[in-house]
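K.L.:
My structure is below; once you've seen it, I'll send some questions.
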Amino acid sequence: GMFNNEKTAEEQVVGVLNFDIHIVKDFRGRRYIERITECIPIEDKNDYTFDHRKQKTLEGKLDKFMDNATIFFTKTTNRELYKHRNILEFQNDRYVLVNPISADNIREMRNNMDTSDISSFDKFLYDNWKIEVPKSPEFEDEIA
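In this note's numbering, the protein residues as written are 238 to 381.
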C-alpha cells in the first residue's frame, strides 16, 4: 500500500478530515452511513517527573532512570494519537446525534464556510446541542 506505518496513515488522513464516515452495506446491498466519528488529536503531556538528581544513592538514581525509561517506552510503543467520539449514529432506522463536535473542529468548520452557511451551522449547533458560538475576531476580519 501507500503507507508503511498504520499510525502515519492515521495521522495523515485525520490531519485532513478530522472525521471518519463509516459506511456499511446491509444484507439487501444498500449502503448507509452507520456513524460519523470525530477524531480529536491527543496532546502529548510530559509525564517525566522522576528527578534522579534528588536521589542520594546510586540505587535510587537507577530506580528513577528505570521509571522514566518505562514511561518513555510505553509512550513510544502504545501511544494513542487520537480520541474518537461518535457525533452521529444510525439507530433504529434513523440518524441520532450522540455527541457535540469539539470546539476546535467547530472553529475550523466555520472558518471554511461562507456567511449564510455559518448562520445555518450556528443554528444547527444551538438547536441540537445548545452551543452558542462566540464571534471570532479573526473570522470577522476575513469577511469585513
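Don't be surprised by glycine CBs; every beta carbon is placed ideally from N, CA and C. As the structure is a prediction and not an experimental result, all values here were calculated from the model.
1) Please report the straight-line C-alpha distance between THR352 and THR307, rounded to a whole angstrom.
2) Measure the C-alpha to C-alpha separation of GLU326 and THR311 and round it to an integer number of angstroms.
3) Quick one: using the 10 Å Cβ neighbour count with 16 as the cut-off for buried, is LYS255 buried or exposed?
4) Is it buried or exposed, GLU275, if we count other Cβ atoms within 10 angstroms and call 16 or more buried?
5) Tell me the rounded alpha-carbon separation between LEU299 and ASN305.
6) Assuming ILE273 and ILE260 form a contact by the criterion Cβ under 8 angstroms, report the distance between their Cβ atoms to the nearest whole angstrom.
7) Could you say which of ASN365, LYS262, VAL370, ASP288 lies nearest to VAL333 if we only look at CA atoms?
8) Less than 7 angstroms separating the beta-carbons of HIS234 and PHE302?
9) CA-CA distance, ILE368 and ILE277?
10) In this structure, does DSSP put PHE302 in helix, strand or coil?
11) Would you check if the distance between the CB atom of VAL370 and the CB atom of ASP354 is smaller than 7 angstroms?
12) Between the alpha carbons of ASN323 and ARG265, how many angstroms are there, rounded?
P.N.:
Straight from the coordinates:
1) In the sequence shown, residue 352 corresponds to position 115, counting from 1. In the sequence shown, residue 307 corresponds to position 70, counting from 1. One C-alpha to the other measures close to 51 angstroms.
2) Start at 1 with the first residue of the sequence shown, and residue 326 comes out as number 89. Start at 1 with the first residue of the sequence shown, and residue 311 comes out as number 74. Looking at the two C-alpha atoms, the distance is approximately 33 angstroms.
3) Walking along the sequence shown from the start, residue 255 turns up at place 18. Residue identity check: residue 255 is Asn in the sequence provided, not Lys. Under this definition ASN255 is a buried residue.
4) Numbered from 1 along the sequence shown, position 38 holds the residue referred to as residue 275. Label assigned to GLU275: buried.
5) Locating residue 299 in the sequence shown gives position 62, counting from the first residue. Locating residue 305 in the sequence shown gives position 68, counting from the first residue. The alpha-carbon atoms of LEU299 and ASN305 are separated by roughly 10 angstroms.
6) The residue you call residue 273 lines up with position 36 of the sequence shown. The residue you call residue 260 lines up with position 23 of the sequence shown. No, ILE273 and ILE260 are not in contact; Cβ-Cβ is about 10 angstroms, not under 8 angstroms.
7) The residue labelled residue 333 in the question sits at position 96 within the sequence shown. VAL333 has its Cα closest to that of ASN365, out of ASN365, LYS262, VAL370, ASP288.
8) Absent from the structure is residue 234, since the part of the chain shown begins at 238 and ends at 381.
9) By 1-based counting over the sequence shown, the position of residue 368 is 131. By 1-based counting over the sequence shown, the position of residue 277 is 40. Between ILE368 and ILE277, the C-alpha separation is close to 18 angstroms.
10) By one-based count along the sequence shown, residue 302 stands at place 65. It is helical.
11) Position 133 of the sequence shown, counting from 1, holds the residue named residue 370. Position 117 of the sequence shown, counting from 1, holds the residue named residue 354. Their beta carbons are not under 7 angstroms apart, which means VAL370 does not touch ASP354 by this criterion.
12) What you label residue 323 is simply residue 86 of the sequence shown in a count that begins at 1. What you label residue 265 is simply residue 28 of the sequence shown in a count that begins at 1. Answer to the nearest angstrom: the Cα atoms are 25 angstroms apart.
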